[in-house]
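The block underneath contains the structure these notes are about, expressed in structure tokens.
Residue numbers (mature numbering (1 follows the signal peptide of the UniProt record, and there is no 0)): -20 to -1, 1 to 144.
Here it is as structure tokens:
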């Protein structure tokens, strides 16, 4: 009888065991727009989600990170779905029927970054997708050249209007 209680306790504890995993999205190419994504492993029903997403930027970039979960029944949702870009702040949670998304966007310096995603899975085989995107931040010289070009086009248009 005692053995049955011990076995039941072990099975109950196993159902709430953490499903911690690390997903390395790699190095984002600094020469232009780059996006990397991965899908999580399937979570057991009622298991803790404690995932770490890592990526590296070689140059300063306008960067966004998102985590998206879709589900067909409410019980399939990851409850308390949340994430933090470590050292920068929480991701924003948006929920609509059958979809939960976490997002963060801003400029980041070159370096290594981590996003920690947490929650509690609903049904068996729940999962979500994580994506990071980066676009190089324009240098001040780029803005100067743009403004200079606009000034030249404006000057030429004004001169052409006066000649007509």
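Cβ coordinates follow ideal geometry from the N, Cα and C atoms, glycine included.
Bear in mind the structure is a predicted one, so any value in this text is a computation, not a measurement.
Query	Result
Whether residue 103 touches residue 81 by CB criterion (9 Å)	no
Spatial distance of residue 86 from residue 21 (CA atoms)	28 Å
Chain-order list of residues whose beta-carbon lies under 6 Å from that of residue 34 (same chain, five-residue window excluded)	4, 94
Nearest neighbour of residue 105, chosen from 19, 12, 62 [CA to CA]	19
Secondary structure of residue 102, DSSP reduced to three states	coil
Three-state secondary structure (DSSP) of residue 54	helix
Counterpart residues of residue 6 in DSSP-defined beta bridges	Answer is none; residue 6 lacks a bridge partner.
Buried versus exposed call for residue 7 [16 or more other C-beta atoms within 10 Å across all chains shown]	exposed
Reference residue 74, options 31, 46, 32, closest by Cα	46
Under the three-state DSSP convention, the category residue 17 falls into	strand
Test item: CB-CB of residue 90 and residue 39 under 9 Å	yes
Under the three-state DSSP convention, the category residue 74 falls into	strand
Own chain residues within Cβ distance below 7 Å of residue 52, not counting five before or after	78
Proximity of residue 113 and residue 29 at Cβ, strictly below 9 Å	no
C-beta contact flag for residue 12 and residue 115 at 9 Å	yes
N- and C-terminal bounds of the beta strand (DSSP E) containing residue 34	28 to 37
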